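Enquirer: Numbering (our numbering), first residue to last: 19 to 218. Positions of the beta carbon are idealized from the N, C-alpha and C atoms, including for glycine. Quick caveat: nothing in here was measured; it's all calculated off a predicted structure.
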Amino acid sequence: MRTSHRFVVLLALGVGPAAVSASSCASNSGPPDLGPSTFFVKITSVNGNANLPTEQSPLPANKGVTPESWAFTIEAHTPTGELATDFNGYVRLTLAPGTVVGVTGTGATGRNIFVTNGTVSGVVQGTAVYGPARLWVEDLGYVPAKPGTTPKCSNGVDDNANGLIDYPADPGCYYADDDTEDPGTYAERQEDDESVARSH
Ligand SMILES: [Ca+2]
Ligand SMILES: [Ca+2]
19 MRTSHRFVVL LALGVGPAAV SASSCASNSG PPDLGPSTFF VKITSVNGNA NLPTEQSPLP
79 ANKGVTPESW AFTIEAHTPT GELATDFNGY VRLTLAPGTV VGVTGTGATG RNIFVTNGTV
139 SGVVQGTAVY GPARLWVEDL GYVPAKPGTT PKCSNGVDDN ANGLIDYPAD PGCYYADDDT
199 EDPGTYAERQ EDDESVARSH
C-alpha cells in the first residue's frame with residue numbers, strides 16, 4: 019500500500035574532485051511539487067571518519083572494488099520545516115552515482131530503512147561511488163514484506179477480497195514484495211518522481 023508521498027532529498031558528498039555540499043530540491047528549485055513534506059539527510063561520518071571529505075581532501079574515486087560506509091541521519095520534515103513526528107514508514111536509499119550494497123540500522127532491510135516518528139539513523143554501504151555523489155532518500159510508500167516471509171502481493175491469495183490477486187493484477191500492490199493489497203496510487207507516485215527529476 020502506498021501511504022504517502024513525501025520524499026526527496028539528497029546530500030552531495032565530495033568524492034574525487036568534488037566538495038561536500040548539502041542541498042535540497044525544495045529550497046533550490048522554486049515552487050516544489052513534492053507532496054506534503056520532504057526528507058533531510060545528514061551524513062555524519064564516512065568510513066568511520068567524522069571529518070567529511072572536502073574539496074581539499076576528497077575521497078579517492080571508488081571503482082566498485084571496495085565498499086564505502088556512510089553513516090547518516092534522516093529526518094522527515096513537514097512543509098513548514100518541523101520534524102514530522104507522525105511519519106512512520108520505509109524509505110529507500112540510493113547513491114547517485116554509485117550502488118547501494120546494503121543498509122544497516124534499526125528497521126533496515128535491503129536498501130530500505132524504517133523511519134520512526136520522523137527520524138532514523140543508520141549506515142549505508144555503497145560502492146562504485148565517484149564524482150559528486152548524492153545520497154537520495156525516497157519514501158517507499160508501501161510496506162515491504164520482511165525477509166523470509168511471503169509478501170501478501172505474491173502469495174496467490176486475494177487478501178483484501180477485491181477479486182484481484184497479487185502484483186501486478188491487484189493495483190493495491192506497489193511491488194511484488196508489497197505486504198498489503200490495500201489500495202495505493204502508483205500513478206500519483208510517478209508524478210512525484212517526475213517533479214523531482216524536473217527540479218534538478
Ligand atoms: Ca495476495
Ligand atoms: Ca486483492
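#1: Taking the C-alpha atoms as reference points, what is the distance between residue 199 and residue 169?
#2: For residue 98, is the classification buried or exposed, using 16 other Cβ atoms within 10 angstroms of its Cβ as the cut-off for buried?
#3: With distances taken from CA atoms, which of 66, 81, 151 and 124 is nearest residue 107?
#4: Can you tell me whether DSSP reads residue 60 as helix, strand or coil?
#5: Does the distance from the C-beta atom of residue 196 to that of residue 185 stay below 8 Å?
#6: Nearest to residue 194 by alpha carbon, out of 165, 181 and 179?
#7: May I ask which residues mark the beginning and end of the beta strand (DSSP E) holding residue 87?
#8: Relative to the C-alpha of residue 150, which residue among 89, 113 and 171 is closest?
#9: Is residue 195 a contact residue of ligand 2, with contact defined as CB to any heavy atom under 7 Å?
#10: Just to confirm, are residue 120 and residue 93 a CB contact at a threshold of 8 Å?
#11: Which residues are close to ligand 1, meaning CB closer than 6 Å to any heavy atom, in chain order?
#12: Do you know offhand how far residue 140's Cα is from residue 167's?
#13: My understanding is that residue 158 touches residue 178, with C-beta atoms under 8 Å, so please give their C-beta distance in whole angstroms.
#14: Name the DSSP beta bridge partners of residue 157, please?
#15: Going by alpha carbons, who is nearest to residue 109 out of 142, 85 and 78?
Expert: Short version:
#1: Position 181 of the sequence shown, counted from the first residue, corresponds to residue 199. Position 151 of the sequence shown, counted from the first residue, corresponds to residue 169. Across the structure, residue 199 and residue 169 are spaced so that their CA atoms are roughly 10 Å apart.
#2: As a working note, residue 98 is residue 80 in the sequence shown. Burial call: exposed.
#3: Within the sequence shown, the letter at position 89 stands for residue 107. Here the closest residue by C-alpha is 124.
#4: In the sequence shown, residue 60 corresponds to position 42, counting from 1. Three-state DSSP puts residue 60 in a strand.
#5: Reading the sequence shown from its first residue, position 178 is the one you call residue 196. Reading the sequence shown from its first residue, position 167 is the one you call residue 185. Yes; because the gap between Cβ atoms is below 8 Å, this pair is in contact.
#6: Numbered from 1 along the sequence shown, position 176 holds the residue referred to as residue 194. The option with the nearest alpha carbon to residue 194 is 165.
#7: Within the sequence shown, residue 87 is the residue found at index 69, counting from 1. Taken as a continuous stretch (DSSP letters only), the beta strand (DSSP E) holding residue 87 covers 86-95.
#8: Here residue 150 is taken as the residue at index 132 of the sequence shown, counted from 1. Comparing Cα positions, the closest option is 113.
#9: For the purposes of this step, residue 195 is taken as the residue at position 177 of the sequence shown. No; taking the cut-off as 7 Å, the Cβ of residue 195 has no heavy atom of ligand 2 nearer than that.
#10: For the purposes of this step, residue 120 is identified with residue 102 of the sequence shown, where counting begins at 1. For the purposes of this step, residue 93 is identified with residue 75 of the sequence shown, where counting begins at 1. Their beta carbons are not under 8 Å apart, which means residue 120 does not touch residue 93 by this criterion.
#11: That gives 170, 171, 173, 175, 177, 183, 184 and 199.
#12: Mapped onto the sequence shown, residue 140 falls at position 122. Mapped onto the sequence shown, residue 167 falls at position 149. Roughly 24 Å between the two C-alpha positions.
#13: Here residue 158 is taken as the residue at index 140 of the sequence shown, counted from 1. Here residue 178 is taken as the residue at index 160 of the sequence shown, counted from 1. Contact doesn't hold; Cβ gap of about 19 Å is too wide.
#14: Here residue 157 refers to the residue found at position 139 when the sequence shown is read from its first residue. Note: residue 157 sits in a beta bridge opposite 109.
#15: For this step, residue 109 is matched to residue 91 along the sequence shown. Out of 142, 85 and 78, 142 has the C-alpha closest to the C-alpha of residue 109.
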